[in-house]
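J.:
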Amino acid sequence: MKHFTTIKEISTYLKPGQKQGLEIGFVPTMGALHEGHLTLIRRSKAENDLTICSIFVNPIQFNNKEDLEKYPRNLVRDAKILEELGCDVLFSPESGEIYPDGHTEPLDLEFGMLDKVMEGKFRPGHFRGVAIVVKKLFDIVYPSRAYFGKKDFQQLAIIRYLVQTLKIPVQIIACETVREDDGLAMSSRNMRLTIAERQIAPIIYQVLCKAKEKVGKLPVWELKEWAIKKIQTNPEMRVEYFEIGDRESLLPLENWSHKNRAVAFTAVFLGDVRLIDNIELFS
Ligand code: AMP
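Rendered as structure tokens:
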């Protein structure tokens with residue numbers, strides 16, 4: 005596996021392949037790799053000539069300094085995992101490489117309501133930060149396909165919008181959420197949970213599954229109230245939002261007349277760790 009940290013190095017390496025028309029699969033990550041990330045890499049390997057994984061803890065998408073500081077980092081371990089998996093290229097730039105002199109070029113793009121609801125509401129500026137870095141990485145890698153997890157469903161909607169609006173010639177591939185055996189969605193943040201917190205964390209997915217069973221059986225508002233109450237019966241858990249939204253516009257649904265488009269989304273604080281998860285209610 006080739007490992008690059010500068011834009012110049014990776015660009016020079018990729019140029020001949022890009023000219024030849026090699027199909028490049030790209031998996032952008034923030035590292036602390038787990039099975040969720042590895043599934044994306046495997047899929048990219050199966051579908052492309054060359055697979056590139058980036059590891060970059062993007063400072064401008066964190067609106068909480070402590071979250072950025074505490075974000076798990078282990079590049080040596082990650083590089084070894086990627087090597088064993090047969091990833092072709094790892095790109096792990098320093099912050100200064102992506103944002104020289106701390107400079108962030110503005111992104112001339114509005115996301116309508118996509119970045120105003122749920123994650124966008126509680127993490128202002130987060131998706132703009134995500135979009136800026138993904139656009140920059142696409143401009144370096146020029147991937148044919150880029151792989152994203154449904155675990156970050158709203159992020160996926162933002163990326164699709166970015167690509168469509170700016171007419172970036174890349175196919176966005178959505179991959180199913182990979183879960184632990186007990187249902188907890190895999191996340192780099194899970195390793196910050198205490199043993200006791202980790203034990204109760206699967207409740208989030210259990211409630212999402214129960215909510216799916218209740219679709220159409222009680223009004224949307226009542227289902228949301230039920231779910232919030234159910235999660236918060238655990239005093240260690242605080243629900244930031246539990247929302248039922250349209251799978252494309254992400255706008256909240258008020259009734260079940262479009263239940264075949266409904267997705268339930270939640271963000272829950274467990275101690276000081278913030279976990280997100282979602283479930284498609286229409287499948
Ligand atoms: P992150 O490193 O958290 O920025 O995630 C990098 C990519 O991996 C994103 O596209 C995520 O949606 C995806 N991802 C993270 N966790 C999971 C998971 N449990 N299942 C599937 N994809 C995931």
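Count along the sequence shown from 1, then add 4; that gives the number in my numbering. Quick reminder that beta carbons are idealized off the backbone N, C-alpha and C, glycines included.
(1) State whether the stretch 195-211 contacts the stretch 267-280, with contact taken as three or more CB pairs (one from each stretch) at a distance under 8 Å.
(2) Taking 8 Å as the threshold (C-beta atoms), are P206 and G187 in contact?
(3) Find out if the Cβ-Cβ distance for the pair I102, A135 is shorter than 8 Å.
(4) Under 8 Å by Cβ, that's how I've got P76 and S192 pegged, so tell me the actual separation to the nearest angstrom.
(5) Using DSSP's beta-bridge definition, name the partner residues of E201.
(6) Do you know how far the Cα of V31 is from the Cα of I288?
(7) Hey, does R164 have any beta-carbon neighbour from chain D nearer than 8 Å?
(8) When you measure from the CB of T169 to every non-hydrogen atom of the ligand FAD, does any distance come out below 7 Å?
(9) When you measure from the CB of V137 to every non-hydrogen atom of the ligand AMP, does any distance come out below 7 Å?
(10) Would you mind stating whether L254 and V121 have Cβ atoms separated by less than 8 Å?
(11) May I ask whether a heavy atom of the ligand AMP can be found less than 7 Å away from the beta carbon of P32?
(12) Quick one: Cα of I56 to Cα of S48, how far?
(13) Could you tell me whether the Cβ atoms of V224 and N259 are closer together than 8 Å?
(14) Measuring CB to CB, does Q65 end up less than 8 Å from G133?
(15) Mind checking G249: buried by the 16 CB within 10 Å criterion, or exposed?
(16) Check whether the Cβ atoms of F269 and F115 lie closer than 8 Å to each other.
(17) Which whole-angstrom value is the C-beta distance of I177 and R164, which I expect to be below 8 Å?
(18) Is S148 near the ligand AMP, with its Cβ less than 7 Å from a heavy atom?
(19) Am I right that M34 and I14 are in contact with their C-beta atoms under 8 Å? What's the rounded C-beta distance?
(20) When the Cα of N78 is compared with those of E51, E252, V61 and Y245, which residue comes out closest?
(21) Just to confirm before moving on: does the CB-CB distance between G29 and G153 stay below 8 Å?
(22) Kindly list the residues whose CB is nearer than 7 Å to the CB of V211, restricted to its own chain and excluding five residues on each side of it in sequence; keep chain order.
(23) Answer with buried or exposed for H26, where buried requires no fewer than 16 other C-beta atoms within 10 angstroms of its C-beta.
(24) Suppose you measure from the CA of F95 to the CA of E244; what does that come to, to the nearest Å?
(25) I want to check one thing, is the minimum distance from the CB of T55 to the heavy atoms of the ligand AMP below 7 Å?
(26) Look at the alpha carbon of K69 and the alpha carbon of P128, and state the distance between them as a whole number of angstroms.
(27) Can you tell me where the alpha helix (DSSP H) with D82 in it begins and where it stops?
(28) Have a look at F8 and E98 and give me their C-alpha separation to the nearest angstrom.
T.: With the structure as the only source:
(1) yes
(2) yes
(3) no
(4) 5 Å
(5) According to DSSP, E201 bridges with nothing at all.
(6) Since the first residue shown for the chain is 5 and the last is 287, residue 288 is missing from the structure and cannot be characterised.
(7) Although the question refers to chain D, the structure presented lacks it and comprises just one protein chain.
(8) This structure lacks the ligand FAD; its bound ligands are the ligand AMP.
(9) no
(10) yes
(11) yes
(12) 9 Å
(13) yes
(14) yes
(15) buried
(16) no
(17) About 11 Å separates the two Cβ atoms, so there is no contact after all.
(18) no
(19) Actually they do not touch by this definition, with Cβ atoms about 18 Å apart.
(20) V61
(21) no
(22) A231, K234 and I235
(23) Looking at the sequence provided, one finds Leu at residue 26 rather than His. Result: exposed.
(24) 34 Å
(25) no
(26) 13 Å
(27) L79 to L89
(28) 11 Å
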